[in-house]
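K.L.:
I have a structure I would like to understand better, so I am pasting it below and will then ask my questions one at a time.
Residue numbers (full-length UniProt numbering): 1 to 436.
Spelled out as structure tokens, the structure:
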């Protein structure tokens, strides 16, 4: 609680049992979190039986929830029957009269929920009329009832019926349940049709359209059913709100805001190239680099031949050798420059000032070229290939790729293309009309 106080939190949701809630409120009061600006929402279902009087002096807003009214006639009637039955079935272990009276006045939530579950399960068994199964065996873990069937029934039928009843009471509308003859939710058949409830919806909605205004001023699709069929009160679907449709029907608050999007297949990445390492530089740059390499090697060879310092005694033990040798042959000059470019070096070292000057200039050039190549190669490998070929409708209409495209007939996108100026979107409108 001290951490929450340092965080300046003033609204708390406490989700635990009733005993834990009392401990949380006591700790909050001790650290000064029970003042008038603090609010607590307590989710414990049986908190009504606990006394919150000690925590009401600081002025905090404490709100608790309950699932039923203990004073309701149905609750009191059930608790009276439970008290009599409990005393009859467990006379020896039955608590005293005062404890039974307290339980009847403040019944536990779990007890009432168990009663509702038993009532729903019994009603489901009577309505389903399931055939009997083998006797239950606790050791084998086998029950004597259709557990999966009952659970599916309770999750679907009971919940849906109760939900519709509550909505009808709140919104004041009438409804009629139509039983599906084949008992199927709906799956696509081999011939392309649907069975079950989805097939029923397809049959009732003959044109299969959302709703668009016809040339004669009438509407088709779901909006047309709302206009012509007086038994239809509302339609539920993912219908796009347009200005024209708002003039015909009323929409609820939109649950999603979307624009017109262009959907196209993502291009496949190109196959890796054998000479991809040449991509950082253009062909012209590679040609210039080759010429620079050959030119500098020839220059180093010529300067090495002209400098007398490069002519050295190959046999140090002989003071006057018959001939001197030069280390800068044409092959050695090419090898020396190649080692500098690849940052590997070589055993050849220039001695004369002229050859050192030529070698130093080539080293600086090789350093710049190598750094540029490494940076370009890293950028090329890290940069993802772009797949955004089209960004707007104008690019789609004027695309040189000759892409086929279209929109759902009489949909909001189709209507958008129809009402746009023909001077800018005429190619799109023409293709949409052809493909619809």
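We treat Cβ as the ideally placed atom computed from N, Cα and C, and that holds for glycine.
On the DSSP bridge list, what partners appear for residue 11?
P.N.:
39
K.L.:
Consult DSSP for residue 292 and reduce its assignment to one of helix, strand or coil.
P.N.:
helix
K.L.:
Tell me whether residue 104 sits in a helix, a strand or coil according to DSSP, three-state version.
P.N.:
helix
K.L.:
So for residue 393, helix, strand or coil by DSSP?
P.N.:
helix
K.L.:
Per DSSP, which one or two residues make a beta bridge with residue 326?
P.N.:
311
K.L.:
Using only alpha-carbon positions, find the residue among 147, 34, 68, 292 that is nearest to residue 61.
P.N.:
34
K.L.:
With DSSP run on the structure shown, which of helix, strand or coil describes residue 21?
P.N.:
helix
K.L.:
Taking contact to mean 3 or more Cβ pairs, one atom from each stretch, closer than 8 Å, check whether the region 311-325 and the region 285-296 are in contact.
P.N.:
no
K.L.:
State buried or exposed for residue 222, treating a residue as buried only when at least 16 other CB atoms are found within 10 Å of its CB.
P.N.:
buried
K.L.:
Just to confirm my understanding: we take residue 305, look at its own chain, exclude 5 residues before and 5 after, and list those with CB closer than 8 Å. What are they?
P.N.:
Around residue 305: 326, 328.
K.L.:
Does the Cβ-Cβ distance between residue 45 and residue 109 come in under 8 Å?
P.N.:
yes
K.L.:
Quick one: give me the first and last residue of the beta strand (DSSP E) that residue 64 is part of.
P.N.:
61-64
K.L.:
Using only the alpha-carbon positions, how far apart do residue 10 and residue 39 sit?
P.N.:
When rounded, the distance between both Cα atoms is 6 Å.
K.L.:
What residue does the alpha helix (DSSP H) around residue 219 start on, and which one ends it?
P.N.:
Taken as a continuous stretch (DSSP letters only), residue 219 belongs to no alpha helix (DSSP H), as it is neither H nor E.
K.L.:
Output the distance between the C-alpha atoms of residue 333 and residue 391, rounded to the nearest integer angstrom.
P.N.:
55 Å
K.L.:
When we look at the beta-carbon of residue 111 and count the other beta-carbons within 10 Å, is it buried (16 or more) or exposed?
P.N.:
exposed
K.L.:
Whose CA, out of 20, 23, 51, 12, lies closest to the CA of residue 37?
P.N.:
12
K.L.:
Along the alpha helix (DSSP H) that carries residue 78, what are the first and last residues, could you check?
P.N.:
73-89
K.L.:
Classify residue 310: buried if its beta carbon has 16 or more other beta carbons within 10 angstroms, exposed otherwise.
P.N.:
buried
K.L.:
Output yes or no for whether 8 Å exceeds the beta carbon distance between residue 52 and residue 14.
P.N.:
Taking the C-beta atoms as reference points, residue 14 is found no nearer than 8 Å to residue 52.
K.L.:
In angstroms with no decimal places, state the Cα-to-Cα distance between residue 6 and residue 19.
P.N.:
26 Å
K.L.:
If you draw a straight line from the C-alpha of residue 343 to the C-alpha of residue 319, how long is it?
P.N.:
So the two alpha carbons sit approximately 37 Å from each other.
K.L.:
Count the other CB atoms, across all protein chains shown, that sit within 10 Å of the CB of residue 17; report buried if there are 16 or more and exposed otherwise.
P.N.:
exposed
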